[in-house]
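**Q** Chains as they are written, first to last, in my numbering: chain A, 1 to 194; chain B, 195 to 666; chain C, 667 to 1006. Backbone N, C-alpha and C fix where the C-beta goes; we use that ideal spot for every residue, glycine too.
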Amino acid sequence: MIGFIRFADSLSAWFGKAFAWLIVLMAVGTGYEVFVRYVLNDPTAWALDVSFIMYGTLFMMGGAYTLSRGGHVRGDFLYRLWQPRTQAKLDLVLYFLFFFPGVLALIFSGWKYAARSWQYGEVSINSPAGVPIYQFKTVIVAAGILLFIQGIAQVCRCLIAIRTNVWIEAEEDVFETEDLLIRKANEAEKGSHP
Amino acid sequence: MTDPQIALVMLGLFIVFVFLGFPIAFTLMAMGIGFGYFAYYDEGRMWRTFDRLDETASYWDSWTTWLEGFANNRIFDLFVNQTYTVMSNEVLTAVPLFLFMGYIVERSNIVDRLFSTLNVASKNVPGSMGVAALITCALFATATGIVGAVVTLMGLLALPQMLKARYDPSFASGIICAGGTLGILIPPSIMLIVYAAASGVSIVRLYAAALLPGLTLVGLYLIYVIGRSILQPSVAPRPTDEEVPDVPARQLIVMILTSFLPLAFLILAVLGSILFGLATPTEAASIGALGGIFLAFIYRAMTWQRMRESVYLTVRTTAMVCWLFVGSYTFSAVFSYLGGEQVISEFVQSLNLSPLMFLILAQIIIFLLGWPLEWSEIIIIFVPIFLPLLAIFEVDPLFFGILVALNLQTSFLTPPMAMSAYYLKGIAPPEVRLTQIFKGVMPFLVCVFISMILMYVFPQIVFYLPELFYGR
Amino acid sequence: QSPLVVKMQTSWPASDIWDEFAKDYAMRVDEMSAGRLKVDVLPAGAVVGAFQVLDAVNDGVLDAAHSVPVYWYGKNKAASLFGTGPVFGGSATTMLSWFYEGGGQELYRELTQDIMGLDVVGYLGFPMFAQPFGWFKGEVNTVADLQGFKYRTVGLAADLMAKLGMSVAQLPGGEIVPAMERGVIDAFEFNNPTSDRRFGAQDVAKNYYLSSYHQASESFEFLFSRTFLEDLEPDLQAILKYSVEAASTANTAKAMKQYSTDLAELQAGGVNVRRTSKEILDAQLAAWDELITELEQDEFMKRTLDSQREWVERVAYYELMNAPDYALAFEHYFPGKLAL
Ligand code: NA
Ligand code: NA
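#1: Check whether chain A comes within 9 angstroms of lysine 816 of chain C, counting only Cβ atoms and requiring the distance to be less than that.
#2: Measure the Cβ-Cβ separation of methionine 385 of chain B and leucine 602 of chain B and say whether it is below 9 angstroms.
#3: Any chance the stretch 785-793 of chain C sits against the stretch 989-1000 of chain C, with 3 or more Cβ pairs inside 8 angstroms?
#4: Contact defined as beta carbons within less than 8 angstroms: I believe threonine 221 of chain B pairs with phenylalanine 208 of chain B. What is the distance between those atoms, to the nearest angstrom?
#5: At 3 residues or longer, what runs of the beta strand (DSSP E) sit wholly inside the stretch 892-965 of chain C?
#6: Whole angstroms are fine: how far does the CA of valine 305 of chain B sit from the CA of isoleucine 269 of chain B?
#7: Between glutamine 119 of chain A and chain C, is any beta-carbon pair separated by less than 9 angstroms?
#8: Closer than 7 angstroms, Cβ to any Cβ of chain A: which residues of the stretch 199-231 of chain B, in chain order?
#9: Going by the beta-carbon positions, is the gap between valine 577 of chain B and alanine 392 of chain B smaller than 9 angstroms?
#10: Tell whether a beta-carbon distance below 9 angstroms holds between alanine 219 of chain B and glycine 521 of chain B.
#11: First and last residue of the alpha helix (DSSP H) that includes arginine 864 of chain C?
#12: How big is the Cα-Cα spacing for serine 453 of chain B and isoleucine 447 of chain B?
#13: For proline 679 of chain C, does the three-state DSSP call read helix, strand or coil?
#14: Quick check on lysine 137 of chain A - is its C-beta less than 9 angstroms from some C-beta in chain B?
#15: Given leucine 773 of chain C, which residues of its chain have a CB within under 6 angstroms of its CB, disregarding the five upstream and five downstream residues?
#16: Who are the Cβ neighbours of threonine 138 of chain A in its own chain at under 6 angstroms, not counting the five residues just before and after it?
#17: If we cut at 9 angstroms on Cβ distances, does alanine 45 of chain A have a partner in chain C?
#18: Thinking C-beta only, is tryptophan 569 of chain B closer than 9 angstroms to phenylalanine 594 of chain B?
#19: Measure from the C-beta of proline 101 of chain A to each C-beta in chain C and report whether the shortest distance is under 9 angstroms.
#20: Any C-beta of chain B within less than 7 angstroms: which residues of the stretch 142-171 of chain A qualify?
#21: Using the C-alpha atoms, what's the distance from glutamate 300 of chain B back to threonine 311 of chain B?
#22: Measuring CA to CA, which of A/Gly144, A/Ile149 and A/Trp111 is closest to tyrosine 134 of chain A?
#23: In chain C, which residues lie with their C-beta within 8 angstroms of the C-beta of glutamine 276 of chain B?
#24: Residues of chain C with CB closer than 9 angstroms to the CB of aspartate 271 of chain B, please, in chain order.
#25: Looking at chain B, is there any beta carbon in it that lies within less than 9 angstroms of the beta carbon of tyrosine 79 of chain A?
#26: Check whether the Cβ of proline 679 of chain C lies closer than 9 angstroms to any Cβ atom in chain B.
#27: Leucine 812 of chain C and glycine 783 of chain C - do their beta-carbons sit closer together than 9 angstroms?
#28: Please look up how many angstroms separate the CB atoms of isoleucine 298 of chain B and alanine 483 of chain B, rounded, as I've assumed it's under 8 angstroms.
#29: Quick one: any contact between the stretch 731-738 of chain C and the stretch 882-898 of chain C, if contact means 3 or more CB pairs under 8 angstroms?
#30: Closer than 7 angstroms between beta carbons: that is the criterion. Which residues of the stretch 509-531 of chain B meet it against chain C?
#31: Closest by CA to glycine 238 of chain B, which one among C/Glu979, C/Ser973, C/Asp897 and C/Asp964?
#32: Tell me which residues share the same chain as phenylalanine 211 of chain B and place their Cβ nearer than 6 angstroms to its Cβ, disregarding the 5 neighbours each side in the sequence.
#33: Start and end of the beta strand (DSSP E) containing tryptophan 801 of chain C?
#34: Determine the DSSP secondary structure at methionine 674 of chain C, reduced to helix, strand or coil.
#35: Say whether chain C places a C-beta atom closer than 9 angstroms to the C-beta of phenylalanine 657 of chain B.
#36: Does chain A have any CB closer than 9 angstroms to the CB of methionine 782 of chain C?
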């Protein structure tokens, strides 16, 4: 089970991080649009379409990665007072009731939705450039599949936590500044009071 | 039960389920899908194929056909449709770019330079370190807009210096907590983008409208800090020359030029290009992000590691915010399909409130929601419930948005979910107690309320700039 | 017996006059069915976004929609031929008649049901008045005056204006006014004096040019989920269908009243209302020529355009030859007002 959790965590992280780099492309691409508009007086027709396609792909493909790192916000002011075991029992039920129905809909209804778009060869109506969006609609299915795999890993986490009363954390790669500093401060404190 | 009553049950159940602590994006999604399944339930249509199966169909065939019928509910199509609507939302494209800019600026060592310069420059003002900390917070918060980062960085940097200079711990921590949350109000703020996406108010107008209220709030904070330092000098003693050295004017100018100006220039470039219509917020955000990278290079703070961190944190925070939208768009589509909006607006109309009473009631509800929840949930989920009511009471959604933005400053400062205070407690020396932090924050909460009253009495504070820039 | 509710979402905000137009339709259905049907008109965004109504009706997420075909031209460019295609010399009424009597409806059915495989039934109604060339800060008399302008429009009109030498900007409706004020765009068109005035066009530009060939023959599209419609009793199906025709007349009357009133209000408020110059109109036709050649690469679009040309050649010939010179009579009774 732990093996599968590690596999799902790294799969989600790999896709999440790979698509995260779209932010750099997005900044450069949008910056390019500003440049050609003001300096060359020759705006592109595709900048708007390309920027929302990158934004949408980025956050959809980052969903599972965020889930694996506990990044989706919870109304946790009661939750965090509970034992991991209690948290896990509740989470386990809610993954089945709340999480999987929607994620399966992303995969199956999303497939129907994207397939129709492929069939039309659908393009964005925002500009005369006719930027294709069928591939973008397919992102819904891909994000659903990643979330599904990560969801199974989360269920495994719950099962383990119910048995051991300890959550299996994902291997952390990056920290918010505040978390990093708080962690450092705690370590320093531990060091000074052995 | 009628459909609108069911919509109210849906809303009520959601509020209960939030406290179960499951990720809110998925809770919303589940509520939308669950109640939507009911709203779109159509036995004949869903199980049409199953009903036509003949007697000889195998057990397996009839089971899978039944299952297909079960999944043949239109809510799943609606859900996918709403997901795509969030994915193609033009306003939200600015969110990852501003976050990226924030994470870059956070990692560019800019804040310590800024604080030490301001510390020297304001030395002769009463409560000088508090003033320097507040202004640093305001500027830095403007550039990053990420509350946690500002509070912790300033908590590590300014708090120890202030405590060493014998500042009252409560007073000092209040300054940092309140100052650190300014970034969600002062443009370019992510919160205002999210409000624009939720309400349909022009983001450009919102930015123009938030500028003076933001400065008013900073002004009130400064008045409180300086005033209290004059009236009660013991809470903020003048730093000794050892703590804050006297610097010759020429050197001070160099310090200002190298620390203060580049950041100020970056902020002005981003804000200015938006307000003067040279660029859309998305374009300005990309300029800001590129500018931030440039600045970090100049300060020799840009490493490969920091770049990667910024990129990965951007995707995580963007996913957090935007998946909330995915959930809430589905939730609210079903809510209005069932007629929930209608019944709420009829109920509120039946109360015969005056516009002022309505405004006060709405703000009290939002303030109370700010205790257990954070701004993102409140704006994305609850504010849309108020929006259709604004027309009835002739409240401008722009004005309402600014009041909400001010009000939500408090959501970081009020227990039990007082994130600012927790961040500070996390890095403060152990002798600073949480109760001291809360006590220090109280006067700043009062400032927030005063600023809201000022907005109501002098609405021109909100409307002056948008009308000046964009007319009407 | 409680009424069967028809969930109909529009592609317009509740503040637009077109929301009233959709409610004209709803009222007719309610009354004619003696309360057996109730059309619940929802504004854009209530269930799905303005551009998502075709998907939603096809999936049965909505029972019906009140929209325009150009909003789904990203799925198939032929959509724009049902309302915002080339102007061969017929008015919107000419083209709406093509839809009902000239073979348009069958072509529309073929496109939506056979080619795109959609589960929808659509009717067109309310022949809209030709859409103005739009709002400009200064005077524009020649094609040269337009060069380098950033202009906001949608659909095939975007291709058309690009061929006139303008760069076409794509902005959401709510951003037009601030973007205009600050120079992100220099000019724009939206739809009609009432809608334009309601979102504040007159605050950012003072020259309003009427008469244009970019969108001169559009109509509303009434979309129904096919399974929903076919499950209804025949008389209710008929009510939903023929109420489109009834609403068409009601909308036309209301548009005449309201659009003309708002045009007068705009003029009273200092807006210069002018006619687009012949040179620019000629250039638009030349641009359509180029576009038509491109569009006719597609077999279905070729067939549709042939059908439209054939209809217009005969019908508009009759209309134009037969029409008395209305301007002459107007000039006779209200001398000096017209500036054609
Ligand atoms: Na709180
Ligand atoms: Na138009």
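**A** So, from the listed chains and residues:
#1: For lysine 816 of chain C, the answer is yes, since a Cβ of chain A falls inside 9 angstroms of its Cβ.
#2: By the CB criterion at 9 angstroms, methionine 385 of chain B and leucine 602 of chain B fall inside the cutoff.
#3: The stretch 785-793 of chain C is not in contact with the stretch 989-1000 of chain C.
#4: Rounded, the Cβ-Cβ distance is 7 angstroms, consistent with contact.
#5: If only uninterrupted beta strand (DSSP E) runs of at least 3 residues are considered, those enclosed by the stretch 892-965 of chain C are 938-941.
#6: The alpha-carbon atoms of isoleucine 269 of chain B and valine 305 of chain B are separated by roughly 49 angstroms.
#7: Chain C, which has a Cβ nearer than 9 angstroms to the Cβ of glutamine 119 of chain A, makes this yes.
#8: Within the stretch 199-231 of chain B, the qualifying residues are Val212, Phe213, Leu214, Gly215, Phe216, Pro217, Ile218, Ala219, Phe220, Thr221, Met223, Ala224 and Ile227.
#9: If you check the CB distance, valine 577 of chain B and alanine 392 of chain B come in under 9 angstroms.
#10: Yes, Cβ-Cβ distance for alanine 219 of chain B and glycine 521 of chain B is below 9 angstroms.
#11: Counted as a single uninterrupted DSSP element, the alpha helix (DSSP H) harbouring arginine 864 of chain C occupies residues 859-864.
#12: Rounded to the nearest angstrom, the two C-alpha atoms are 10 angstroms apart.
#13: Taken through DSSP and simplified to helix, strand or coil, proline 679 of chain C comes out as coil.
#14: Answer yes: the Cβ-Cβ gap between lysine 137 of chain A and chain B drops below 9 angstroms somewhere.
#15: Taken in chain order, the residues that qualify are Thr970.
#16: Within the same chain, threonine 138 of chain A has close Cβ partners Ala114.
#17: Yes, alanine 45 of chain A counts as interfacial toward chain C.
#18: Contact annotation: phenylalanine 594 of chain B and tryptophan 569 of chain B have beta-carbon atoms that are not nearer than 9 angstroms.
#19: For proline 101 of chain A, the answer is no, since every Cβ of chain C falls outside 9 angstroms of its Cβ.
#20: For the stretch 142-171 of chain A, the set of positions with a beta-carbon nearer than 7 angstroms to some beta-carbon of chain B is empty.
#21: For threonine 311 of chain B and glutamate 300 of chain B, the distance between alpha carbons rounds to 18 angstroms.
#22: Comparing Cα positions, the closest option is A/Trp111.
#23: Chain C residues near glutamine 276 of chain B: Val714.
#24: The answer, in chain order, is Asp721, Ala722, Asn724, Asp725, Gly726 and Val727.
#25: For tyrosine 79 of chain A, at least one C-beta of chain B is nearer than 9 angstroms to its own C-beta.
#26: Interface with chain B (9 angstroms Cβ-Cβ cutoff): proline 679 of chain C is included.
#27: No, the pair does not count as a contact, with Cβ atoms beyond the cut-off.
#28: Approximately 6 angstroms separates the beta-carbon atoms of isoleucine 298 of chain B and alanine 483 of chain B; this is inside 8 angstroms, confirming the contact.
#29: Contact between the stretch 731-738 of chain C and the stretch 882-898 of chain C is present, because at least three Cβ pairs lie under 8 angstroms.
#30: With the criterion set as a beta carbon lying under 7 angstroms from some beta carbon of chain C, the members of the stretch 509-531 of chain B are Ala527, Ser530 and Tyr531, in sequence order.
#31: When each option's Cα is compared against that of glycine 238 of chain B, the closest is C/Asp897.
#32: Same-chain partners within the cutoff: Thr221.
#33: Following the DSSP letters along the chain, one finds tryptophan 801 of chain C inside the beta strand (DSSP E) bounded by residues 800-802.
#34: Secondary structure at methionine 674 of chain C: strand, using DSSP grouped into helix, strand and coil.
#35: Not closer than 9 angstroms to any Cβ of chain C, the Cβ of phenylalanine 657 of chain B fails to qualify, so no.
#36: Yes - at least one Cβ of chain A is within 9 angstroms of the one on methionine 782 of chain C.
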